[in-house]
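Residue numbers (the numbering used here), protein chains in the order written: chain A, 1074 to 1187; chain B, 1074 to 1187.
What follows is a single structure, written as structure tokens, with notes after it.
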DNA sequence: GTACTTTGATCCGATAACCGATCATCGAGA
DNA sequence: TCTCGATGATCGGTTATCGGATCAAAGTAC
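See the structure below:
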């Protein structure tokens, strides 16, 4: 639930509800209702304000659980963070794909060890 | 702008505005206003309904351009796809992190070649 | 040709989103 | 001890969201 995610992130950042609301330029009363999931349909602009202060993207707040044709499309946030970090480090897509092929090969090898 | 993105994706899927609205269970009048950016603050649930029909995640609709302390936080969709593929292939985070350290080491080596 | 259907745009209103003010409680400082 | 400020929760009101109805134009079938 979106409210819970906001609350956890806020606490992770050591922000009070009041502080987050002030910084985001939103009403703390509404934020309180959202965090407790008493209100569940905030607007995109409201969420963007919060995301900005919490230094995450909106997707993180709403949860990556979009279903596409019954197939779960969520990608664990940790993987996204890893990819992001990789980009900042300077890894190219080619290097990554090379690595992926290597792992596939390794797995294949494991499988055919007998 | 969010409305433009929705429109483009909808046309890509060969859906009429009416059809998308019907499938998403939303009012086509509001969708029309949104697509033309006459209204710019839809709710998260409204967007999730659209995203589901268009088979994208909400982030795609709103644009991955969240700025975090002046640093662009968008992550190229291709990288996300690579990460996703990696997960399906069975790569563990530990393996990936190992690889990352290796690349960092390689880059460091390159740098200190002289 | 006419009749019907579909499209996206326009209009108006109900209601939930979101606000500011207030409240009860707690903690810190004098 | 008392006072003040901060916290998160509660309350009532404004207004923008989002809905349904309608419209004008285009397309299709007979």
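Backbone N, C-alpha and C define an ideal beta-carbon position, used for all residues, glycine too.
Checklist entry - Between the stretch 1089-1108 of chain B and chain A, which residues of the former have a C-beta closer than 9 Å to a C-beta of the latter? => result none
Item to check | Short Cβ contact (8 Å threshold) for residue 1120 of chain B with residue 1134 of chain B | outcome: Within the second chain, residue 1120 of chain B is the residue found at index 47, counting from 1. Within the second chain, residue 1134 of chain B is the residue found at index 61, counting from 1. It is a contact, given that the beta carbons lie within the stated cut-off.
Item to check | Burial state of residue 1098 of chain B (16 or more Cβ within 10 Å) | outcome: Walking along the second chain from the start, residue 1098 of chain B turns up at place 25. So residue 1098 of chain B ends up on the exposed side.
Item to check | CB-CB length for residue 1130 of chain B against residue 1128 of chain A, believed under 8 Å | outcome: Taking the first residue of the second chain as position 1, residue 1130 of chain B is located at position 57. Taking the first residue of the first chain as position 1, residue 1128 of chain A is located at position 55. About 20 Å separates the beta carbon of residue 1130 of chain B from that of residue 1128 of chain A, a gap too long to meet the 8 Å contact definition.
Item to check | Cβ of residue 1168 of chain A within 8 Å of any chain B Cβ | outcome: On the first chain, residue 1168 of chain A is found 95 positions in, with the first residue counted as 1. Yes, its Cβ sits closer than 8 Å to a Cβ of chain B.
Checklist entry - In terms of DSSP beta bridges, what is residue 1116 of chain A paired with? => result Mapped onto the first chain, residue 1116 of chain A falls at position 43. Answer by DSSP bridge pairing, in chain order: B/1116.
Item to check | Delimiting residues of the alpha helix (DSSP H) encompassing residue 1104 of chain A | outcome: The sequence position of residue 1104 of chain A within the first chain is 31, counting from 1. Note, residue 1104 of chain A: alpha helix (DSSP H), 1101-1108.
Checklist entry - Closest Cβ-Cβ distance between residue 1131 of chain B and chain A: below 8 Å? => result Translated into positions along the second chain, residue 1131 of chain B becomes position 58. True, the Cβ-Cβ gap to chain A drops below 8 Å.
Item to check | Buried/exposed call for residue 1083 of chain A, threshold 16 Cβ in 10 Å | outcome: Walking along the first chain from the start, residue 1083 of chain A turns up at place 10. So residue 1083 of chain A counts as buried.
Checklist entry - If you measure from the beta carbon of residue 1176 of chain A to each beta carbon in chain B, is any gap under 8 Å? => result Residue numbering aside, residue 1176 of chain A sits at position 103 when the first chain is read from its first letter. For residue 1176 of chain A, the closest Cβ of chain B is nearer than 8 Å.
Checklist entry - residue 1111 of chain A versus chain B: which residues are under 7 Å apart at the beta carbon? => result Sequence index remark: in the first chain, residue 1111 of chain A carries index 38 (1-based). Think of a sphere of 7 Å around the beta carbon of residue 1111 of chain A: no beta carbon from chain B falls inside it, the nearest being about 15 Å out.
Checklist entry - Can you tell me the Cα-Cα spacing of residue 1102 of chain A and residue 1167 of chain A, whole angstroms? => result Here the question's residue 1102 of chain A lines up with position 29 in the first chain. Here the question's residue 1167 of chain A lines up with position 94 in the first chain. Their Cα atoms are separated by approximately 49 Å.
Checklist entry - Nearest to residue 1111 of chain A by CA position, among A/1174, A/1164 and A/1076, is which residue? => result As a working mapping, residue 1111 of chain A is identified with position 38 in the first chain. The residue with the shortest Cα to Cα distance from residue 1111 of chain A is A/1076.
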